[in-house]
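One structure below.
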Amino acid sequence: MSTADTFPFQHPHTVRLYETDGAGILFYGQIFTLVHNAHEELLASVGLSPQIIFEEHPFSIPLAHAEADYLNPIQLSEKLTLSVSVEKIGERSFTLLTRVSGTEEEKAVVTTVHVTIDQQSGVAIPLPEPILQLLNGRG
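In the working numbering, each number is its position in the sequence shown, counted from 1, plus 22.
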């Protein structure tokens with residue numbers, strides 16, 4: 023399997039009432055919840071659900087940085103596609119770019135930097151092989 027086979031990983035989402043503000047627009051902080059859900063689905067698609075990581079692997083993948091550019095309003099009940107791609111692979115971290123699109127236009131672009139740490143010590147460690155395989159499209 024090549025990177026082109028895995029990425030961009032696509033995750034659908036329909037905007038729910040509880041995710042919106044009083045005007046029926048996605049509350050700004052909710053974009054990170056949507057992106058996090060897409061990332062969890064990406065991991066699960068290669069057998070690395072959060073539960074499996076916590077129970078069977080000695081590493082965790084916390085977020086070190088996150089930023090979002092909001093391009094167009096996201097409305098209640100709008101059908102979205104979150105497209106996750108790898109932007110950068112480092113020694114102990116990786117960067118994902120998630121594009122959030124509606125049916126007609128791009129809505130937001132979210133960049134997240136993830137670091138791998140040892141679950142016991144909390145110290146950053148080199149990217150584990152299962153994560154490298156996923157990022158290189160061999161998950």
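All C-beta atoms, glycine included, are put in the ideal place defined by N, C-alpha and C.
Residue i classed as buried or exposed, judged by whether at least 16 other C-beta atoms fall within 10 angstroms
i, result
"Val37", "buried"
"Thr125", "exposed"
"Thr138", "buried"
"Val145", "exposed"
"Ile153", "buried"
"Thr55", "exposed"
"Phe76", "exposed"
"Ile96", "buried"
Same chain only: Cβ atoms within 8 Å of residue i, ignoring 5 sequence neighbours per side
i, result
"Leu156", "Thr28, Leu64, Leu65, Val68, Leu70"
Which listed residue (the options) has its alpha carbon closest to that of residue i
i, options, result
"Ala86", "Val135, Tyr40, Pro150, Asn158", "Val135"
Residue i to residue j span [Cα, whole Å]
i, j, result
"Ser105", "Gln32", "5 Å"
"Pro80", "Asn59", "22 Å"
"Leu118", "Ile53", "14 Å"
"Thr103", "Ala90", "16 Å"
"Pro30", "Gln142", "32 Å"
Integer-rounded CB distance, given that residue j should sit under 8 Å from residue i
i, j, result
"Tyr92", "Ala45", "The pair is not a contact, with the Cβ atoms about 14 Å apart (cut-off 8 Å)."
Own chain residues within Cβ distance below 7 Å of residue i, not counting five before or after
i, result
"Ile147", "Phe81, Arg114, Thr138, Ile139, Asp140"
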